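Structure, as structure tokens:
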Amino acid sequence: MTDNAKDVALIDSYLKKMDIDSDKTKKAPNIWCIEQNNAEIFIIAAGGFVILQAKIMALPRSNISTFYRKLLELNDNVEESLGASFGINKNNEIILKMLRPMTNLGLNEFIYYMTSIAFVADKQIMALKERFRD
């Protein structure tokens, strides 16, 4: 079994322990999508890492400098980001992302990452869209 196959099997087992059907949520051999409140959390096993990410919103067309400043402030505020970071993908979407090596990733830590990114994504989807909607 390859390292990536082991990582995929571990994430599958953790999702099952969380009562999440890993077969129904799997979008690709190493990608799952879990809906949590207003957020869709993508879990990606790749290169010895687990990546959790959520789309927050499309890049606004106005108030860009204020918007960028807000994202940087959120990235710097661990109480607001819980270790996740905001960025912009190639589709001009604001994403929230957490990255962690798979080495010694335990169930409780995986649950922490899942619940943390879901909480922050849900909160910021509402807050940023309200403040920066076009």
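Here our numbering is used: the first residue of the sequence shown is 10, the next is one more, and so on. C-beta: ideal position from N, C-alpha, C; glycine also. None of the values given here were measured: they were computed from a predicted structure.
Since residue i is in the beta strand (DSSP E), which residue starts that stretch and which ends it?
i, result
"I126", "First-last for I126: 116 to 141, but that is the alpha helix (DSSP H), not the beta strand (DSSP E)."
"L61", "58 to 67"
"K36", "35 to 37"
"G92", "Per DSSP, G92 belongs to no beta strand (DSSP E) and is neither H nor E."
Three-state secondary structure (DSSP) at residue i?
i, result
"I29", "coil"
"S7", "This structure leaves residue 7 out entirely; the chain is present only between 10 and 143."
"K15", "helix"
"K106", "strand"
"L80", "helix"
"L24", "helix"
Taking the beta carbon of residue i as the centre, do at least 16 other beta carbons fall within 10 Å, making it buried, or is it exposed?
i, result
"S156", "No answer is possible for residue 156: the residues shown for the chain start at 10 and end at 143."
"I134", "buried"
"I147", "Residue 147 is absent from the model: the chain starts at 10 and stops at 143."
"V17", "buried"
"L105", "buried"
"S74", "exposed"
"L116", "exposed"
"Y77", "exposed"
If residue i sits next to residue j, beta carbons under 8 angstroms apart, how far is it from one beta carbon to the other, in whole angstroms?
i, j, result
"V129", "A93", "5 angstroms"
"A63", "N39", "Actually they do not touch by this definition, with Cβ atoms about 17 angstroms apart."
Residue i bridges to which residues according to DSSP?
i, result
"A48", "Q45"
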